[in-house]
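*Asks:* Structure below; questions to follow.
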Amino acid sequence: MGPARELAISVPQILKSPNAIFRGVREEGESKWLCYCGEPNIAYDYKTGESGASWDGEVLIVFVTDDK
């Protein structure tokens, strides 16, 4: 449940208000990918899905491929 909540809530937050955006990831063929980086407001337990305060220093990275 935690990953589903993260995908539904945290990913849109980072895409709307990133701290940084980088182009290109690591390998050939990924040069057009975008990497959105940000600090989520809420953290989710991966097993239970319960929400809580985000962890200090936590960074969420969202990769957007050239296929979107």
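One point on numbering: in numbering that gives the first Met the number 0, the residue at position 55 of the sequence shown is 54, and numbering is uninterrupted.
Ideal Cβ placement from N, Cα and C applies to all residues, glycine included.
Pick helix, strand or coil for glycine 51, following the three-state DSSP scheme.
*Replies:* Along the sequence shown, one-based indexing puts residue 51 at 52. DSSP places glycine 51 in strand when its eight states are reduced to three.
*Asks:* Taking aspartate 66 as the reference, which of Asn18, Gly28, Glu57 has the closest Cα?
*Replies:* For the purposes of this step, residue 66 is taken as residue 67 along the sequence shown, with counting starting at 1. It is Gly28.
*Asks:* Taking C-alpha atoms, which residue in Gly37, Ser30, Ser9 lies nearest to alanine 19?
*Replies:* The residue labelled residue 19 in the question sits at position 20 within the sequence shown. Looking at the Cα atoms, Gly37 is the closest of the given residues.
*Asks:* According to DSSP, is valine 63 part of a helix, a strand, or is it coil?
*Replies:* For the purposes of this step, residue 63 is identified with residue 64 of the sequence shown, where counting begins at 1. The answer is strand: DSSP assigns valine 63 an E or B state.
*Asks:* DSSP state of glycine 37, grouped into three classes?
*Replies:* As a position in the sequence shown, residue 37 is number 38, starting the count at 1. Strand.
*Asks:* Use the C-beta contact count for glutamate 5: other C-beta atoms within 10 angstroms, 16 or more gives buried, fewer gives exposed.
*Replies:* Within the sequence shown, residue 5 is the residue found at index 6, counting from 1. Classification for glutamate 5: buried.
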